[in-house]
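Q: When we follow our numbering, the leftmost residue of the sequence shown carries the number 916, and every step to the right adds one.
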Amino acid sequence: MPQKLHCARCGRITLHPVVVIGAQPFGRVCARKAGLVEPKRRGRASEACRDTRTLDLFGGINA
Numbered sequence: 916m917p918q919k920l921h922c923a924r925c926g927r928i929t930l931h932p933v934v935v936i937g938a939q940p941f942g943r944v945c946a947r948k949a950g951l952v953e954p955k956r957r958g959r960a961s962e963a964c965r966d967t968r969t970l971d972l973f974g975g976i977n978a
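1. Quick check: the region 938-945 against the region 955-968, are at least 3 beta-carbon pairs closer than 8 Å?
2. Can you tell me which of the three DSSP states Val935 falls into?
3. Could you compute how far the alpha carbon of Pro940 sits from the alpha carbon of Ala949?
4. Looking only at its own chain, which residues have a Cβ that is under 6 Å from the Cβ of Val934, when we skip the five neighbours before and after it?
5. First and last residue of the alpha helix (DSSP H) that includes Cys945?
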């Protein structure tokens, strides 16, 4: 069974610390908030484009 470590910043139990400074482990969220780890770069979703084969959702309704 893995040793239970407590996060140096918040005190929660962390089984897999992201950063260990000396004997002080940091969890992933606390390490990100403290600036010890760069946040993940998220890819941008592709831009929506008009498709001629798809019908409009409300194209046939006239009020």
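Beta carbons are placed, not taken as given, at the ideal position from N, Cα and C, and that holds for glycine.
Quantities reported herein were computed from a predicted structural model and do not represent experimental measurements.
A: Well, looking at it:
1. no
2. Residue 935 sits at position 20 when you count from the first residue of the sequence shown. If DSSP states are grouped into helix, strand and coil, Val935 belongs with the strands.
3. Here residue 940 is taken as the residue at index 25 of the sequence shown, counted from 1. Here residue 949 is taken as the residue at index 34 of the sequence shown, counted from 1. So the alpha carbons of these two residues sit roughly 12 Å apart.
4. By one-based count along the sequence shown, residue 934 stands at place 19. Excluding residues within five positions, the ones whose Cβ falls inside 6 Å are Phe941, Ala946 and Leu951.
5. Counted from its first residue, the sequence shown places residue 945 at position 30. Here the alpha helix (DSSP H) through Cys945 covers Arg943 to Lys948.
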